[in-house]
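Chains as they are written, first to last, in the numbering used here: chain Y, 1 to 188; chain C, 189 to 709.
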Amino acid sequence: MTPALGSFTFMSISGGTSAWIRTNRGTALIMSAVFLVLMIYLLTQDWVYDQQRYGFRLGFFTVLSAAAMLICCLSMVFDRQKDQTTPEMSMLKLRHLGRAAMALIIMGIYFIFAWNDHFAQDWLRPILDTIPLTGEFLLWTPIFMGAGMYLLGVRPLRSAFIAAIIITVVIFGLFRIIGITLPSVLLS
Amino acid sequence: MVNMDALYEAIALVFTFQTMMWIAIGVTIGVGVGAMPGLTATTGIALMLPLTFTLDQAAALGLLIGLYKGAIYGGSISAISFATPGTSEAAATVFDGHKLMRRGKGKKALLIALYASVTADFLSDVITILIAPLLALVALKFGPSERFWLMALAVCLLGALSGSHFAKGMLSAALGLFIGTIGADPVSSVPRNTFDLWWLGDGIHLIPLVVGIFAMGAMLEKVLELSTAKRQTAKITGAFKNLFSMSGEGLSFKEYLSCWKEMAIGLGVGTFVGMLPGLGSTVGAFLSYGVAKQVSPEKKIGSGVIEGVAAAEAGNNATVGPTLVPLLAFGIPGSAVAALIGAALMLQGATPGPRMFELFPTIIYSLFLILLVGNIFNLGIGRIFAFVYAKLGELPAPLLVPLVMGMAVIGAYAYANNPWDVLVMLIFGFMGLLMRVMRIPEAPLVITFLLAPQAEENLRRGLLINEGDWSAALFNSPLAIGLAVAVVLLTYVSSRMRIAERMSEISDEQEAETSAAEAER
Chain Y
1 MTPALGSFTF MSISGGTSAW IRTNRGTALI MSAVFLVLMI YLLTQDWVYD QQRYGFRLGF
61 FTVLSAAAML ICCLSMVFDR QKDQTTPEMS MLKLRHLGRA AMALIIMGIY FIFAWNDHFA
121 QDWLRPILDT IPLTGEFLLW TPIFMGAGMY LLGVRPLRSA FIAAIIITVV IFGLFRIIGI
181 TLPSVLLS
Chain C
189 MVNMDALYEA IALVFTFQTM MWIAIGVTIG VGVGAMPGLT ATTGIALMLP LTFTLDQAAA
249 LGLLIGLYKG AIYGGSISAI SFATPGTSEA AATVFDGHKL MRRGKGKKAL LIALYASVTA
309 DFLSDVITIL IAPLLALVAL KFGPSERFWL MALAVCLLGA LSGSHFAKGM LSAALGLFIG
369 TIGADPVSSV PRNTFDLWWL GDGIHLIPLV VGIFAMGAML EKVLELSTAK RQTAKITGAF
429 KNLFSMSGEG LSFKEYLSCW KEMAIGLGVG TFVGMLPGLG STVGAFLSYG VAKQVSPEKK
489 IGSGVIEGVA AAEAGNNATV GPTLVPLLAF GIPGSAVAAL IGAALMLQGA TPGPRMFELF
549 PTIIYSLFLI LLVGNIFNLG IGRIFAFVYA KLGELPAPLL VPLVMGMAVI GAYAYANNPW
609 DVLVMLIFGF MGLLMRVMRI PEAPLVITFL LAPQAEENLR RGLLINEGDW SAALFNSPLA
669 IGLAVAVVLL TYVSSRMRIA ERMSEISDEQ EAETSAAEAE R
């Protein structure tokens with residue numbers, strides 16, 4: 001993932017299936033399959049055919065956009081750049097996507113802990129109630145931010161957490177000034 | 189015709205301590221965002237957008253426009269100091285700027301970058317102020333079918349000129365249209381395309397979408413870069429040492445004036461490029477630099493001269509004001525930043541478009557005044573703190589990434605106190621990462637997402653006027669037919685002549701030079 005974004009260097013790729021799947025043609029075929037399924041799903045929905053005033057059907061733009069996505073992907077399968085790949089794509093491994101998904105899950109957990117708010121009211125509430133100080137931005141933000149900084153390479157550990165605490169306090173103060181109250185059990 | 193009452197009201201709104209403070213904050217954050225590699229004007233504005241709903245109109249515009257101006261200039265600081273452009277817009281500044289730096293003329297390079305940026309920015313703002321109302325007058329004569337085809341044309345232009353692959357640009361636009369149809373339809377408020385999820389009933393909100401795509405997506409890419417690169421530890425102690433220590437030869441007024449031709453080229457090229465949907469400030473900088481090199485071979489641009497820095501910086505900053513012209517005149521954002529500024533206007537209750545000049549003249553005049561005043565703040569803050577920002581560029585990315593990710597969560601939630609917005613932002617963050625990896629441009633997605641409800645409203649209004657006759661609704665005037673033909677021609681020409689690919693080839697050569705400059709470093 002080292003090539004800088006914004007670099008316009010593209011490469012042609014040759015080799016086995018794993019290399020082929022990283023080309024525009026490979027990714028376009030995968031996306032085409034996804035959009036084809038989406039298109040079939042849409043065409044089976046009743047709301048798509050709901051007729052509004054003067055003959056306009058509710059699903060017109062939705063189906064049009066899904067068809068456009070499918071056409072774009074299919075054109076990528078056959079166009080001049082079909083055998084090219086991007087440097088990022090050529091180096092991408094499944095574990096990289098796993099890491100990105102993990103980072104997002106951690107951000108979701110951070111949100112739940114720091115705001116004491118969540119996506120599934122019924123089943124998450126009893127679990128959250130057992131964790132002390134949920135909804136304390138000033139506690140959970142330095143913990144998550146400091147750990148993140150350390151994991152990404154800030155050394156020593158003390159510096160990562162000191163930086164995280166300072167940043168948290170500054171953010172908390174600045175948001176208070178502009179009228180956005182961040183959650184704090186201790187200060188409320 | 190100038191509405192004097194509205195102008196006086198705008199002056200009273202803009203020249204208050206609060207608005208001035210927010211412009212200053214915007215420029216200060218913007219220059220920092222631009223100077224730090226990995227953060228762009230779009231990321232910065234996406235992160236700040238949720239905060240603007242707590243501010244009044246002038247303050248909100250001041251914050252965002254200040255940030256935009258600051259970020260476009262700020263990219264030059266790390267480009268000159270470390271040959272690492274803070275933003276892609278500043279890549280052309282590296283060629284001459286960093287060579288000057290290595291010759292001990294870094295201060296001179298930073299100063300000409302600042303002065304050329306502010307000069308071209310100010311003059312292009314004046315052109316924007318003159319042109320936008322005239323175009324809006326023309327746009328007011330358009331009916332629903334003309335407006336529909338104009339939007340279609342803008343989307344095709346975006347697809348053709350964004351990125352280097354026409355199909356990918358159009359795919360991004362189609363994705364934006366699809367996402368834009370999620371939730372209640374804009375005319376009769378009937379829910380649709382919600383995948384039977386109740387929390388999608390209200391549709392996808394713009395803020396979680398842009399924060400996810402632009403900020404979270406960029407940071408996820410950084411996380412992968414940092415985790416796959418050879419383990420490097422970053423010590424943050426000492427980063428703030430010698431903040432004001434940069435010494436060297438300054439810039440004389442005569443030297444500044446000697447760059448008039450390059451600044452004029454930057455102004456012309458940047459203004460033109462800025463007004464066209466899809467091109468943006470990076471193309472403005474590279475084209476301006478390339479033209480200046482051709483026009484004045486005797487100045488040896490590329491060998492480390494201030495004229496090269498002036499051409500590149502004037503070229504990118506001259507796009508700042510003109511990028512708002514399509515937004516204000518036609519209601520069509522020509523770039524991701526214009527889309528975000530348009531979103532801020534919508535959050536303030538003013539839908540961008542030609543009718544804005546009639547309905548919200550105070551906001552329009554405030555915007556124009558802020559465009560002009562922002563340059564003074566950019567000049568002052570850039571002049572005093574450029575050397576501090578140069579050191580900020582050395583701050584390690586591991587420090588920055590968790591901060592931006594945290595801000596993204598705060599921004600997505602603070603907008604409506606809705607936890608589902610955070611989930612939507614995280615999902616779009618992943619999508620943003622995939623788009624970056626596959627080099628699918630993000631701007632067409634966001635712009636089409638914003639245009640989708642307007643396009644649908646116009647088409648349905650056309651059907652209503654023509655009592656369900658589709659051909660009359662779509663082609664009811666020679667202009668509508670002309671625009672429809674232009675859409676077809678543009679699509680054909682773009683796919684056959686590979687316009688985007690050729691544009692990127694020009695940048696490609698310049699990128700190779702950037703890499704060489706970095707290698708020399």
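All residues carry an ideal CB built from backbone N, CA and C; glycine is no exception.
- The straight-line gap separating the alpha-carbon atoms of residue 331 (chain C) and residue 345 (chain C) is approximately 21 Å.
- Close to residue 125 (chain Y), with beta-carbon spacing below 8 Å, lies no residue of chain C; the smallest spacing is near 13 Å.
- For residue 550 (chain C), DSSP records no beta bridge to any residue.
- The three-state reading of DSSP puts residue 282 (chain C) in helix, counting H, G and I together.
- In this structure, the beta-carbon distance from residue 473 (chain C) to residue 452 (chain C) does not fall below 9 Å.
- Judged by their CB atoms, residue 76 (chain Y) and residue 27 (chain Y) are nearer to each other than the 9 Å cut-off.
- For the options Y:137, Y:71, Y:163, the alpha carbon positioned closest to that of residue 33 (chain Y) is the one of Y:71.
- With distances taken between CA atoms, residue 140 (chain Y) lies nearest to Y:107 out of Y:42, Y:153, Y:107.
- Cβ-Cβ separation between residue 137 (chain Y) and residue 182 (chain Y): approximately 4 Å, consistent with a contact (criterion under 8 Å).
- Contact note: residue 79 (chain Y) reaches chain C through 355, using a C-beta cutoff of 7 Å and chain order.
- Across the segment 102-118 of chain Y, CB contacts with chain C closer than 7 Å involve 103, 104, 107, 108, 110, 111, 115, 117, 118, in sequence order along the chain.
- Comparing alpha-carbon positions, the option among C:409, C:678, C:252, C:308 lying closest to residue 476 (chain C) turns out to be C:308.
- For residue 166 (chain Y), the enclosing alpha helix (DSSP H) stretches over residues 157-177.
- A direct Cα-Cα distance of roughly 14 Å separates residue 534 (chain C) from residue 542 (chain C).
- Residues of the segment 152-166 of chain Y with a C-beta less than 7 Å from any C-beta of chain C: 152, 153, 154, 155, 159, 163, listed in chain order.
- Sequence-distant Cβ neighbours of residue 184 (chain Y) in its own chain, meaning closer than 7 Å and more than five residues away, are 136, 137, 138.
- Closest option to residue 565 (chain C), judged by alpha-carbon separation, among C:238, C:194, C:228, C:255: C:255.
- In the DSSP annotation of this structure, residue 56 (chain Y) is not part of any alpha helix (DSSP H), being labelled neither H nor E.
- In summary, residue 605 (chain C) is exposed, with fewer than 16 beta-carbon neighbours lying within 10 Å of its beta-carbon over all protein chains present.
- Assignment of residue 530 (chain C) by DSSP, reduced to helix, strand and coil, places it in the helix class.
- The distance from the Cβ of residue 42 (chain Y) to that of residue 63 (chain Y) is about 6 Å, consistent with a contact at the 8 Å cut-off.
- Here residue 379 (chain C) carries a strand assignment [DSSP, helix/strand/coil].
- With a contact defined as Cβ atoms closer than 8 Å, residue 342 (chain C) and residue 465 (chain C) qualify at about 5 Å.
- For residue 648 (chain C), the neighbours in chain Y by C-beta distance under 7 Å run, in chain order, 56.
- For chain Y, none of the residues of the segment 495-512 of chain C brings a beta carbon within less than 8 Å of one of its beta carbons.
- Rounded to whole angstroms, the gap between the alpha carbons of residue 492 (chain C) and residue 614 (chain C) is 44 Å.
- Within the model, the alpha-carbon separation for residue 223 (chain C) versus residue 251 (chain C) is close to 18 Å.
- Judged by their CB atoms, residue 315 (chain C) and residue 509 (chain C) are nearer to each other than the 9 Å cut-off.
- Annotation: the continuous alpha helix (DSSP H) that includes residue 295 (chain C) extends over 294-328.
- For a cut-off of 8 Å, the C-beta gap from residue 152 (chain Y) to residue 589 (chain C) is around 6 Å, short enough to register as a contact.
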